[in-house]
Amino acid sequence: MALESDLAVAILNGVTWGLIVALIALGLNLIYGLLEIVNMAHGSLYMLGAVIGWFAIDATGSFAAALLIAPLAVGAIGMTVERGILRPIEDDLTITLIATFGLLLMFDQLALMTFGPGTRSVSAPIAGTVSYAGISYSLYRLVVGVVSIFLMACLYLFLFRTRYGTWMRGVRQDRETASALGIPTSKVYVFTFGLGAFLAALAGVLLAPIVSVGHLMGLDILAVAFMVVIVGGLGSLRGVLVASLIYALVENVSTLFMTPVEARILTFALMISFVLIRPDGIFRGASA
Amino acid sequence: MSRTFETPLGTLTAKHGGLIVLAIIAVIFPFTVGNFLLFLAASILALGLYGASFDLIYGYTGLLTFGHAVFYGVGAYAATFAIQDHGQGILTAMLVGFILTAIIAVGIGLIAIRVSSHGFVIVTILIVLIANLAAVSMTAITGGTDGVSVMLPEFTVPALGEFTMFDPMFRYFFVLAVVAVSLLAMNRLVNSPIGLVFRMIRDNEQRAKMLGYNVTTYKLIAFSVSGAFAGLAGVLSMYVTGFVSASHFSLIVSGDAVIFTLVGGRATLIGAIFGAILIEGASNFVSGFTDAYPLIIGGLLLFTVIFEPEGLVGMFDRIRDALGDRGLLSGSDDEESSPEPDADPNPAQEVTTDE
């Protein structure tokens, strides 16, 4: 019985964690799919979301305020970075990758200098647990999972049901033609980078009560986000969601049998081996 | 580059002259400074070799890897185990580190090269992160983040006697010798026919394929050789500090190789040494006043890729050319008329097929 309820909790943890990882990785993959930029600083944008969120909660005492302020601030940082730094060098994939690595170093160091070296915790705005069939589970984690699903649904509707989303998909398919048809491609680029940063920061604030907030949390999530993007397929949004869920379920279930570090090594090794079978990701060559 | 000097030894170009000056500085320098600077110089040389090994794969073959720290760490650990657990000498341990990293590089390369070029870099990032997790968690073997200290054995030089790595002067010259030989070997490779294929893959992979070269094999060769020299650099760094820890396997250490190469100058090999001198020297200097040097290094990296993509070596070349144009550098007079040897008059030679 104990093992069964542990397993149920591990699966629930896997699903909520997978959904939030997907939210972060979708931003990364959206930026890659549209701008062809491998954003090494994506984890740092997530970290900045959590850190700015912590400061906002500290100043206002309101989690809702943090949920609004941090993603908007980080989204603005993302837009500035795209416009000011990446725009002149965006044609060369390796150069933008190296530039975003430089940004990673700078963001992490800025966080270290303002936030300090330690980690801090944020108390969840929703307390309590839900009990069902002998399993009790944190209500806040369930809410995070539901919010992630809601946000992804919004992203889907935005990309496939609005004019701006159609523009984005059009620019991605053929930049020249899109530009010739009057789509403001440079605005679309800035917006996409800002959106990716916004989603990462939102995930950072949502996760702040679950993980500990610190200047190094970006590197950790960067590894995970890159992995699900590779396994899901570069540029494939559907693949990212599936890969995130598989990754989080495998990792959370295997922690029942081994230490968290061993579980992570095992999961990473399994996912890397998957790349040998399908180098192009789960949905080979799929584009949405 | 076109300036030549007639000497009793033959014709020398300005490039040779620069290298001779560097060599003389490298040999005289240790007699003028104290032990700390000798230590710093030896560790910078090891890091420079590490950067140059990255340049071999990135600068010449065009494959951006962010996983170079894996080889650096494996080399250092392999030599540590060879000395500590198997009682091997300095040279054998170095050879073990070199060969083992070459083998591991083939294994990693086989996975990473399968993925498309953009996926390649991400797979290498993941591999360094897995290695980091493994090294941090397996404390019984690796000592985790606390690391392992190594008692380095004595080393006998024929006709000169016994030396230890704890002698700063010997340590410096030992590292200098290994780095110089490695750079010469790598330079030989990149200027050989194989090296030309590397550059063709970098400049136009499709053409290389069309001409019948097995691109995957050449990439694998470049990756393994590069990994092996990175491993050698790891061994040297362990010889300098007598210490190795799990933090050798980190994304930041991988990034160091990228930074040295980019700041020094891509596809130059020697540039990585300049990059290491500048970055490591500056961070040692700056860390005296502030702990914000990652901020400065990150900014420097951004500045370099945006404004000075050719790095320090490119900057030197430009300054020298500017001085040469004004006649400020003496040399033979035919510099205006002779074409730059590096500038291929017809780089994009069309491949004609006669069907």
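From first to last, the protein sequence lines are chains A and B.
Taking the numbering used here, the leading residue of the first sequence gets 5, the next gets one more, and so forth.
Taking the numbering used here, the leading residue of the second sequence gets -19, the next gets one more, and so forth.
All C-beta atoms, glycine included, are put in the ideal place defined by N, C-alpha and C.
Quick caveat: nothing in here was measured; it's all calculated off a predicted structure.
Report task. Would you check if there are 3 or more beta carbon pairs closer than 8 angstroms linking the region 14 to 25 of chain B to the region 227 to 239 of chain B? Result -> Touching, no.
Report task. Provide the residue span of the alpha helix (DSSP H) that contains residue 166 (chain A), from first to last. Result -> What you label residue 166 (chain A) is simply residue 162 of the first sequence in a count that begins at 1. Element bounds for residue 166 (chain A): n/a, residue is neither H nor E.
Query raised in the report: Of all the options A:127, A:234, A:110, A:250, which has the alpha carbon lying nearest to the alpha carbon of residue 62 (chain A)?
Result: For the purposes of this step, residue 62 (chain A) is identified with residue 58 of the first sequence, where counting begins at 1. Out of A:127, A:234, A:110, A:250, A:127 has the C-alpha closest to the C-alpha of residue 62 (chain A).
**Report entry** Beta-bridge pairing of residue 138 (chain A) - partner residues as DSSP gives them
**Finding:** Counting from one through the first sequence, the residue named residue 138 (chain A) turns up at place 134. According to DSSP, residue 138 (chain A) bridges with nothing at all.
Query - Proximity of residue 238 (chain B) and residue 102 (chain A) at Cβ, strictly below 7 angstroms - result: The count along the second sequence starts at 1 and reaches residue 238 (chain B) at position 258. The count along the first sequence starts at 1 and reaches residue 102 (chain A) at position 98. At a Cβ-Cβ threshold of 7 angstroms, residue 238 (chain B) and residue 102 (chain A) count as neighbours.
Query - Ranges of the alpha helix (DSSP H) found wholly within the region 189 to 249 of chain A, counting only runs of at least 4 - result: Counting whole runs of 4 or more residues, the region 189 to 249 of chain A contains the alpha helix (DSSP H) stretches 189 to 211, 221 to 236.
Query raised in the report: Going along the chain, which residues of its own chain have a beta-carbon closer than 6 angstroms to the beta-carbon of residue 11 (chain A), five neighbours each way excluded?
Result: For the purposes of this step, residue 11 (chain A) is identified with residue 7 of the first sequence, where counting begins at 1. Cβ within range, chain order: n/a, list empty.
Report task. Would you list, in chain order, the members of the region 251 to 270 of chain A that have their beta-carbon closer than 8 angstroms to a beta-carbon of chain B? Result -> Contact annotation: in the region 251 to 270 of chain A, residues whose CB is within less than 8 angstroms of a CB in chain B are 263, 265, 266, 268, 269.
Query raised in the report: What residues match up with residue 136 (chain B) in a beta bridge as DSSP calls it?
Result: Position 156 of the second sequence, counted from the first residue, corresponds to residue 136 (chain B). Note: residue 136 (chain B) sits in a beta bridge opposite B:142.
Report task. Look up residue 14 (chain B) in the DSSP assignment and say whether it is helix, strand or coil. Result -> In the second sequence, residue 14 (chain B) corresponds to position 34, counting from 1. In the structure shown, residue 14 (chain B) sits in coil (DSSP, three-state: anything other than H, G, I, E or B).
Report task. Out of B:43, B:210, B:190, B:146, state which residue places its alpha-carbon closest to the alpha-carbon of residue 158 (chain B). Result -> Along the second sequence, one-based indexing puts residue 158 (chain B) at 178. When each option's Cα is compared against that of residue 158 (chain B), the closest is B:210.
Query raised in the report: Whose CA, out of A:30, A:179, A:278, A:8, lies closest to the CA of residue 152 (chain A)?
Result: For this step, residue 152 (chain A) is matched to residue 148 along the first sequence. Here the closest residue by C-alpha is A:30.
Report task. With 7 angstroms as the threshold, decide whether the Cβ of residue 196 (chain A) is near any Cβ in chain B. Result -> Here residue 196 (chain A) refers to the residue found at position 192 of the first sequence. Cβ-Cβ to chain B under 7 angstroms: no for residue 196 (chain A).
Query raised in the report: Straight-line CA distance for residue 244 (chain A) to residue 40 (chain A)?
Result: Translated into positions along the first sequence, residue 244 (chain A) becomes position 240. Translated into positions along the first sequence, residue 40 (chain A) becomes position 36. Answer to the nearest angstrom: the Cα atoms are 16 angstroms apart.
Query raised in the report: What does residue 117 (chain B) reach in chain A if we use C-beta pairs closer than 8 angstroms?
Result: For the purposes of this step, residue 117 (chain B) is identified with residue 137 of the second sequence, where counting begins at 1. In chain order: 263, 265, 266, 269.
**Report entry** residue 124 (chain A) (DSSP reduced to helix, strand or coil)
**Finding:** Position 120 of the first sequence, counted from the start, is the residue given in the question as residue 124 (chain A). Residue state, collapsed to three classes: strand.
Query raised in the report: Just by C-beta distance, which residues in the region 204 to 222 of chain A are closer than 9 angstroms to chain B?
Result: Across the region 204 to 222 of chain A, no CB contact with chain B closer than 9 angstroms is found for any residue.
Report task. Would you please verify whether the beta carbon of residue 1 (chain B) is less than 7 angstroms from any beta carbon of chain A? Result -> Along the second sequence, read from residue 1 onward, the residue named residue 1 (chain B) stands at position 21. Residue 1 (chain B) does not count as touching chain A.
**Report entry** Three-state secondary structure (DSSP) of residue 217 (chain B)
**Finding:** Mapped onto the second sequence, residue 217 (chain B) falls at position 237. Residue state, collapsed to three classes: helix.
Requested in this report: Answer yes or no: do residue 134 (chain B) and residue 125 (chain B) have a C-beta to C-beta separation smaller than 7 angstroms?
Outcome: In the second sequence, the residue the question calls residue 134 (chain B) occupies position 154. In the second sequence, the residue the question calls residue 125 (chain B) occupies position 145. No, they are not a contact pair.
Query raised in the report: Can you find a C-beta in chain B that's less than 7 angstroms from the C-beta of residue 110 (chain A)?
Result: Stepping through the first sequence from its first residue, residue 110 (chain A) is reached at position 106. Yes, residue 110 (chain A) lies at the interface with chain B (some Cβ there is under 7 angstroms from its Cβ).
Query raised in the report: Under the three-state reduction of DSSP, which class applies to residue 129 (chain B): helix, strand or coil?
Result: Translated into positions along the second sequence, residue 129 (chain B) becomes position 149. In the structure shown, residue 129 (chain B) adopts extended strand secondary structure according to DSSP, grouped into three states.
Report task. Kindly say whether residue 231 (chain A), judged by its beta-carbon, lies nearer than 7 angstroms to any beta-carbon of chain B. Result -> What you label residue 231 (chain A) is simply residue 227 of the first sequence in a count that begins at 1. For residue 231 (chain A), the answer is yes, since a Cβ of chain B falls inside 7 angstroms of its Cβ.
**Report entry** Cut-off 7 angstroms between Cβ atoms - residues of its own chain near residue 133 (chain A), not counting five sequence neighbours on either side
**Finding:** Here residue 133 (chain A) corresponds to residue number 129 of the first sequence, with the count starting at 1. The answer, listed in chain order, is 140, 141, 142, 143.
Query raised in the report: What three-state label does DSSP hand residue 266 (chain B) in the structure shown?
Result: For the purposes of this step, residue 266 (chain B) is identified with residue 286 of the second sequence, where counting begins at 1. It is helical.
Query - Minimum Cβ-Cβ distance from residue 106 (chain B) to chain A less than 7 angstroms - result: Mapped onto the second sequence, residue 106 (chain B) falls at position 126. Chain A, which has a Cβ nearer than 7 angstroms to the Cβ of residue 106 (chain B), makes this yes.
Query raised in the report: Which whole-angstrom value is the C-beta distance of residue 85 (chain B) and residue 217 (chain B), which I expect to be below 8 angstroms?
Result: Here residue 85 (chain B) refers to the residue found at position 105 when the second sequence is read from its first residue. Here residue 217 (chain B) refers to the residue found at position 237 when the second sequence is read from its first residue. Between residue 85 (chain B) and residue 217 (chain B) the beta-carbon gap is near 18 angstroms, outside 8 angstroms, which marks them as no contact.
Query raised in the report: Using the rule of at least 16 other Cβ atoms within 10 Å of the residue's Cβ for burial, across every protein chain shown, is residue 17 (chain A) buried or exposed?
Result: As a working note, residue 17 (chain A) is residue 13 in the first sequence. Answer is buried; the Cβ neighbour count reaches 16.
Query - Contact test: residue 208 (chain B) Cβ vs the ligand ADP heavy atom, cutoff 6 angstroms - result: This structure does not include the ligand ADP; it has no bound ligands of any sort.
Query - Contacts that residue 121 (chain A) makes with chain B (C-beta to C-beta distance below 8 angstroms) - result: Numbered from its first residue, the first sequence carries residue 121 (chain A) at position 117. The contacting residues do not exist; residue 121 (chain A) stays about 10 angstroms from chain B at best.
Query - Secondary structure of residue 261 (chain A), DSSP reduced to three states - result: In the first sequence, the residue the question calls residue 261 (chain A) occupies position 257. Note: residue 261 (chain A) maps to coil in three-state DSSP.
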